[in-house]
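*Asks:* This structure is in C-alpha cells; I'll ask about it shortly.
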Amino acid sequence: KFPSGVVPVAVPRMPIGLKARGRRTWKAMAEDGMATEQVLLLEEVCRTADRLDELDELLRGKGSWFDLAEQAEGSGVGTVVIDRALSEVRQQQNVFKQMLVTVRQLAPGAVPQDRGSRGAYAKGPGSTAVKDEVGTRRAARGNWRSA
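In our numbering, the protein residues as written are 130 to 276.
Right under this line is the structure:
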C-alpha cells in the first residue's frame, strides 16, 4: 500500500539518453506500480550513475583536467581553468546514495530508518545525538560556529 496522496503508475519506458550504467540501473530497479515520485527519482539515479562513470573516465586520464582560455583576443593573456572532477565525484556519489535511499523509502511497506543517515545515534530517553553534544560544548565555549 502506498501512503495517502501517492499514486502508483506503470513504469514508463526507459528515459532516452541513458548510457550503459544508467540503463543497467533502470532495468534493475524499475518496477510496475512504482509511485510517480519513485519513477522521477529513479530517472535521476540513472542519470547520476552515468555522470559518475563520465567523471571516473576523466579521473582515469580519458579527458582534460584543464582548459586554456584567452582573456582577450590577441592579448596573450590566458587563464588556466582547473577541472574540479574529484570534488564533483564526491558530491555526485553522496547525492546518488541519498536518492537510492529515498527511492527505497518510498516503496510500499518500507520501514523508516531508526538512525540518522550518517552514523549511529543514541536512542532512548535522555540520550542525545553526538552532533548535539558537540554543538552544546561549542556553544558553552562561545564558539560562533555552532553545530
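Heads up, the beta-carbon is just placed ideally off N, CA and C, and yes, glycines get one too.
Please read all numbers here as calculations on a predicted model, not as lab measurements.
(1) State the DSSP-derived secondary structure class of residue 207, mapped to helix, strand or coil.
(2) Count the other CB atoms, across all protein chains shown, that sit within 10 Å of the CB of residue 167; report buried if there are 16 or more and exposed otherwise.
(3) Roughly how many angstroms separate the alpha carbons of residue 148 and residue 179, rounded to a whole number?
(4) According to DSSP, is residue 249 helix, strand or coil?
(5) Tell me the DSSP secondary structure of residue 226 in three-state form.
(6) Please state if the CB of residue 221 and the CB of residue 177 are separated by a distance shorter than 8 Å.
(7) Within 10 angstroms of its Cβ, does residue 151 collect 16 or more other Cβ (buried), or is it exposed?
(8) Hey, is the stretch 156 to 175 in contact with the stretch 185 to 193, meaning 3+ C-beta pairs nearer than 8 Å?
(9) Give the secondary structure of residue 178 by DSSP, where H, G and I count as helix, E and B as strand, and everything else as coil.
(10) In or out: residue 239 buried (at least 16 other Cβ within 10 Å) or exposed?
(11) By the 10 Å Cβ neighbour count, where 16 or more other Cβ atoms means buried, how is residue 174 classified, buried or exposed?
(12) Going by beta carbon distance, what residues of the same chain come within less than 8 Å of residue 218, once the five residues before and after it are set aside?
(13) Name the residue from 159, 134, 172, 156 whose alpha carbon lies nearest to the alpha carbon of residue 144.
(14) Could you have a look at residue 143 and say whether DSSP puts it in helix, strand or coil?
*Replies:* So, from the data block:
(1) In the structure shown, residue 207 sits in a strand (DSSP, three-state: E or B).
(2) buried
(3) Rounded to whole angstroms, residue 148 to residue 179 spans 6 Å at the Cα level.
(4) With a pLDDT of 47 at residue 249, under the threshold of 50, the modelled position of that residue is not reliable, and the figure given next carries that caveat. In the structure shown, residue 249 sits in coil (DSSP, three-state: anything other than H, G, I, E or B).
(5) helix
(6) yes
(7) buried
(8) no
(9) helix
(10) exposed
(11) Its Cβ being crowded by 16 or more others within 10 Å, residue 174 is buried.
(12) 181, 184, 185, 188
(13) 172
(14) If DSSP states are grouped into helix, strand and coil, residue 143 belongs with coil.
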